[in-house]
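Below: one structure, written as structure tokens.
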Amino acid sequence: MIPELGHFALALAIAIAGAQAVIGIFGPTMNDNRALRAAPALAIGLFGTVGASFLCLVYAGIVSDFTVRNVAEYSDSTTPLLYRITGTWGNHDGSILLWCLILTLCGATVATFGRNLPSSLRARVLGIHGLVCGGFLLFTLTVSDPFARIWPPPMHGAGVNPILQDPGLAFHPPVLYTGYVGFSVAFAFAVAALIEGRVDAAWGRWVRPWTLVSWCFLTSGIALGSWWSYYTLGWGGYWFWDPVENVALLPWLTGTALLHSAIIVEKREAMKIWAVLLAIATFSLSLCGTFLVRSGLLNSVHAFAASPDQGYFILALLGLTIGGSLILFTFRAPVLSASGVFAPISREGALILNNIFLCVIAVVVFMGTLYPPFLDLLFGVQLSVGAPFFNQTAIPLTAPLILAMAVGPLLPWKRATLLPALQKLWIAAVVALIVAVIVDLRWNAVAALGLGGGAWVVLGAIIDIAERVRLFRIPLNHSISRLFTMPRAAIGAAMGHFGFGVTVLGIAGMTLAAHVVTVLQPGQSVQLGGYQWTLNDIHDAPGPNYAKRVADVTISSDGHKIMVLHPSRRFFTAQKITTSDAAIRTNGINDIYATFAGEQDGGGEFRFNEHPMAPEIWLGGLIMALGGGISLSDRRFRIGAPARKAAKRPASSIAAE
Amino acid sequence: MASVLTRRLLLATPLTIVVLGGLGFYALLGRMQTGSYDPHAFANPLVGKAPPAFSLPGTAGQQGFSSTDLAAAGKPILVNFFASWCIPCVQEAPMLDQLSKSGLVIWGIAYQDKSDATAKFLADNGNPFQRLASDLDGRTAINWGVYGVPESFLINTKGVIIWHYAGALNDDVVTSGLLPALKHAS
Numbered sequence: 160m161i162p163e164l165g166h167f168a169l170a171l172a173i174a175i176a177g178a179q180a181v182i183g184i185f186g187p188t189m190n191d192n193r194a195l196r197a198a199p200a201l202a203i204g205l206f207g208t209v210g211a212s213f214l215c216l217v218y219a220g221i222v223s224d225f226t227v228r229n230v231a232e233y234s235d236s237t238t239p240l241l242y243r244i245t246g247t248w249g250n251h252d253g254s255i256l257l258w259c260l261i262l263t264l265c266g267a268t269v270a271t272f273g274r275n276l277p278s279s280l281r282a283r284v285l286g287i288h289g290l291v292c293g294g295f296l297l298f299t300l301t302v303s304d305p306f307a308r309i310w311p312p313p314m315h316g317a318g319v320n321p322i323l324q325d326p327g328l329a330f331h332p333p334v335l336y337t338g339y340v341g342f343s344v345a346f347a348f349a350v351a352a353l354i355e356g357r358v359d360a361a362w363g364r365w366v367r368p369w370t371l372v373s374w375c376f377l378t379s380g381i382a383l384g385s386w387w388s389y390y391t392l393g394w395g396g397y398w399f400w401d402p403v404e405n406v407a408l409l410p411w412l413t414g415t416a417l418l419h420s421a422i423i424v425e426k427r428e429a430m431k432i433w434a435v436l437l438a439i440a441t442f443s444l445s446l447c448g449t450f451l452v453r454s455g456l457l458n459s460v461h462a463f464a465a466s467p468d469q470g471y472f473i474l475a476l477l478g479l480t481i482g483g484s485l486i487l488f489t490f491r492a493p494v495l496s497a498s499g500v501f502a503p504i505s506r507e508g509a510l511i512l513n514n515i516f517l518c519v520i521a522v523v524v525f526m527g528t529l530y531p532p533f534l535d536l537l538f539g540v541q542l543s544v545g546a547p548f549f550n551q552t553a554i555p556l557t558a559p560l561i562l563a564m565a566v567g568p569l570l571p572w573k574r575a576t577l578l579p580a581l582q583k584l585w586i587a588a589v590v591a592l593i594v595a596v597i598v599d600l601r602w603n604a605v606a607a608l609g610l611g612g613g614a615w616v617v618l619g620a621i622i623d624i625a626e627r628v629r630l631f632r633i634p635l636n637h638s639i640s641r642l643f644t645m646p647r648a649a650i651g652a653a654m655g656h657f658g659f660g661v662t663v664l665g666i667a668g669m670t671l672a673a674h675v676v677t678v679l680q681p682g683q684s685v686q687l688g689g690y691q692w693t694l695n696d697i698h699d700a701p702g703p704n705y706a707k708r709v710a711d712v713t714i715s716s717d718g719h720k721i722m723v724l725h726p727s728r729r730f731f732t733a734q735k736i737t738t739s740d741a742a743i744r745t746n747g748i749n750d751i752y753a754t755f756a757g758e759q760d761g762g763g764e765f766r767f768n769e770h771p772m773a774p775e776i777w778l779g780g781l782i783m784a785l786g787g788g789i790s791l792s793d794r795r796f797r798i799g800a801p802a803r804k805a806a807k808r809p810a811s812s813i814a815a816e
Numbered sequence: 003m004a005s006v007l008t009r010r011l012l013l014a015t016p017l018t019i020v021v022l023g024g025l026g027f028y029a030l031l032g033r034m035q036t037g038s039y040d041p042h043a044f045a046n047p048l049v050g051k052a053p054p055a056f057s058l059p060g061t062a063g064q065q066g067f068s069s070t071d072l073a074a075a076g077k078p079i080l081v082n083f084f085a086s087w088c089i090p091c092v093q094e095a096p097m098l099d100q101l102s103k104s105g106l107v108i109w110g111i112a113y114q115d116k117s118d119a120t121a122k123f124l125a126d127n128g129n130p131f132q133r134l135a136s137d138l139d140g141r142t143a144i145n146w147g148v149y150g151v152p153e154s155f156l157i158n159t160k161g162v163i164i165w166h167y168a169g170a171l172n173d174d175v176v177t178s179g180l181l182p183a184l185k186h187a188s
């Protein structure tokens, strides 16, 4: 009964989405106030119905209703409650419903928080958003129905995929999807602006918070996924350039570019066409990622098993959404004209440089990911593009970005000279150089460049803030009070850059990782990274729906016991799958990492790793996302956008120094 | 300033790219259904051809080799890409040892691995390699189209790759793939 209600709610949602699309898009031209007011109400109603439908699916998961195929195939009564809930979106059909839920949530948020928007723009944005929602809901209902029943129902479910039975992965999809789907709002704004033929400073200011929210979630989502693969896959890798990772990285790259170019639109009314194109591209890449993963077109470890008609359906949906918006773009974009003029060396110039490099990296990653299928299609040649390609192309392209990142925020708008900015950064340059030289002499050049670059960005961000509060040039208490009164967007931006620098430090530090793969009998030990790793014992331990073999590994230095690690292997009885659970101990700047890879002749096969700076990779991601959050709390977003006319000249106090 | 026409054409490029991409995806989906496109196949385009030219130094105290050495050897050779840091390579080691003892000539290429790490790996897991080269920057592996370590290539007496496997060699792969291929190797 409950699954049928969910199914019905889903069907109802499509009707509401259709109404929202028609009323939203055509309402403004009818000049009827009721039509303009209806769009937000419908958007909230849409979220309500999809939410009800989603709750029905979760309920079926909680009570282990095995007549629902989705539950029978991906859950089991012995599965812990948390994973019975998260398991509902750990598979193809359920995850699409989650996708739709978040999509409609975004629409409802625009309806609720967008009261300051001109009502015709809000109606158009919601109309376009409704159209996208309708398309995906139709997809869910017709070819990817999560409420499908099976008869006769099995006694036991097949159980959740053991790899997914993990807190990190349980919450990774919702966070990542919010990032992906959140860009639908920026997309809807871009298309609405094309319809209205008007992009101005106010538009830039409205789009920015939505972009920022999605960007924060996408950053956290990617970091969470990377952290998950680091601690579960068992060999300490954190990024594999797997197609699925690449398609998540693509919207992040263009989204970051959008975040920066929206600043130019807002402050200087320039780069409008580019910002609109980026908004369309970012959401298109999010959709593309979904399509590529779900159609099984790319060779990936994450691939869902999908039927071909789903592939065609998503492709058609994609064609309508992306193609439609780009047709509009082709004909309407020439209407948008830039008014701000600026010199090549200026804040605008630096932001454009950022955009160019981010987009070039995005193009390289995109080409690398899609090269194998397209080469096969055109020339019948089969090959794979792996991590070496991406490392050798994307990393050198990041270097100029890193160099410019510290300088950009110190440049004034319109026209600038490099020298004063570089003079302010001399401490950062000296420290980065010292770090690089020491690391180069002690270890190697690659790590030296990375750690030096990371230090440069981190210190550059600190200097940016120090300059703004005029640290040491005015009394300290004045500096502190300036810190609290300065625009939060500036603090957020500096934190974003700081976080990125921390991630760079982590990635560079990881190139110095040391490891050993060895077979140990109880009592035997091995040396690694100045520690002695001794296997004490291997024993059994119970688990909720798995049996565990746990190894006790003592790590000591000069005979002093430092810690005991418990890497384990889990045997999932229902699925007959073994997973290994790495034991990681961190002190914040260094990870000690042990994996129990297998058992043989009473002994165990182990992989011991020492990962310098590893925690910084994800810490940096967290700082970036937090920076985005702080930026979001900026006064000009909180008090809402001013009326359109008043926004012609942005308040100069906010427009930086 | 660009003329209105060039400006319009420029703004139409995203649409053109998307249309072409969409048609490509449509064709790929069709091929996937008929089975002529399989993204999960680890086929290597070099099978049936001579390996690309390379010359690699030795490592872990052993002699390195080049593409000309492979062609001039005059006997079938199994070239195995591996690394001391790869767990499947440890699992594969007993099988390589067994093959080596049965008389197959195996030459190893240590992928992105330092000499002392390779030496330690061989000391722990046995050394089936008659020659051992070091591909420190991984460039040779890229040219060979190596997907990941371990990966093995069988080269016949004429110096042509006649068989390829991505992943750790096991009983199944050896009996159903390597041994039949070896029969045609000379």
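Order-wise, the sequence lines are chains A and B. Last residue of the first sequence: number 816 in my numbering, and the count goes up by one each step with no gaps. Last residue of the second sequence: number 188 in my numbering, and the count goes up by one each step with no gaps. Positions of the beta carbon are idealized from the N, C-alpha and C atoms, including for glycine.
Taking Cβ-Cβ distances shorter than 7 Å, what residues in chain B pair up with residue i?
i: A:His674; result: Trp87
i: A:Glu769; result: What A:Glu769 touches in chain B: nothing, since even the nearest Cβ is about 13 Å away.
i: A:Ala756; result: Ile89
So with Cβ pairs under 8 Å, would you call residue i a contact of chain B?
i: A:Phe167; result: no
i: A:Phe533; result: yes
i: A:Thr677; result: yes
i: A:Ser388; result: no
i: A:Gly483; result: no
i: A:Tyr339; result: no
i: A:Tyr471; result: yes
i: A:Arg364; result: no
i: A:Ile173; result: no
i: A:Pro199; result: no
i: A:Pro162; result: no
i: A:Ala492; result: yes
i: A:Leu724; result: no
i: A:Ser454; result: yes
Of all Cβ atoms in chain A, is any one closer than 8 Å to the Cβ of residue i?
i: B:Leu31; result: yes
i: B:Asp118; result: no
Going along chain B, which residues have a C-beta under 8 Å from residue i?
i: A:Phe488; result: Leu13, Pro16 and Leu17
i: A:Ala766; result: A small fix is needed here, since residue 766 of chain A is Arg in this sequence, not Ala. Under the 8 Å cutoff, chain B gives Ile89.
Are residue i and residue j close, meaning C-beta to C-beta below 8 Å?
i: A:Val284; j: A:Ala347; result: yes
i: A:Thr441; j: A:Pro402; result: no
i: B:Arg133; j: B:Phe67; result: yes
i: A:Leu257; j: A:Phe295; result: no
i: A:Ser505; j: A:Ala421; result: no
i: B:Pro53; j: B:Trp165; result: no
i: A:Trp248; j: A:Leu328; result: no
i: A:Ile714; j: A:Tyr752; result: no
i: A:Phe525; j: A:Gly414; result: no
i: A:Gly286; j: A:Ile439; result: no
Could you tell me which chain A residues have their CB closer than 7 Å to the CB of residue i, listed as they occur along the chain?
i: B:Tyr28; result: Leu474
Whose Cβ in chain A lies nearer than 9 Å to the Cβ of residue i?
i: B:Gly179; result: Near B:Gly179 there are no residues of chain A at all, since even the closest Cβ is about 18 Å away, more than 9 Å.
i: B:Val194; result: Residue 194 of chain B lies beyond the stretch modelled for chain B, which goes from 3 to 188, so this question has no answer here.
If the cut is a Cβ gap below 9 Å, which residues of chain B does residue i touch?
i: A:Leu577; result: Per Cβ cutoff of 9 Å: no residues; A:Leu577 is ~28 Å from chain B at best.
i: A:Leu264; result: Chain B residues near A:Leu264: none, gap ~27 Å exceeds 9 Å.
**Asked** Counting only runs that start and end within the segment 213-251 of chain A, where is the alpha helix (DSSP H) found for 4 or more residues in a row?
**Response** 228-233 and 240-245
**Request:** Closer than 8 Å, Cβ to Cβ, to anything on chain B: give me those residues from the segment 541-569 of chain A, in chain order.
**Result:** Gln541, Leu542, Ser543, Gly545, Pro547 and Phe548
**Asked** Using a beta-carbon distance cut-off of less than 8 Å, what residues from the segment 149-177 of chain B approach chain A?
**Response** Tyr149 and Gly150
**Item:** Residues, ordered as in the chain, of the segment 66-93 of chain B that lie near chain A by beta-carbon distance below 9 Å
**Value:** Ser86, Trp87, Cys88, Ile89, Cys91, Val92 and Gln93
**Request:** Give, in chain order, every unbroken run of the alpha helix (DSSP H) that is at least 4 residues long and sits entirely within the segment 271-335 of chain A.
**Result:** Fully enclosed alpha helix (DSSP H) runs of 4 or longer: 278-302.
**Request:** Counting only runs of 4+ residues fully inside the segment 391-433 of chain A, write out the alpha helix (DSSP H) ranges in chain order.
**Result:** 402-427
**Request:** Quick one: which unbroken alpha helix (DSSP H) runs of 4-plus residues sit fully inside the segment 106-134 of chain B? Chain order, please.
**Result:** Runs found: 117-127.
**Message:** Against chain A, which members of the segment 127-141 of chain B pass a CB distance test of less than 7 Å?
**Reply:** Gly140
**Message:** Please give me, in chain order, every unbroken run of the alpha helix (DSSP H) with length at least 4 that falls completely inside the segment 508-575 of chain A.
**Reply:** Qualifying alpha helix (DSSP H) stretches, in chain order: 546-566.
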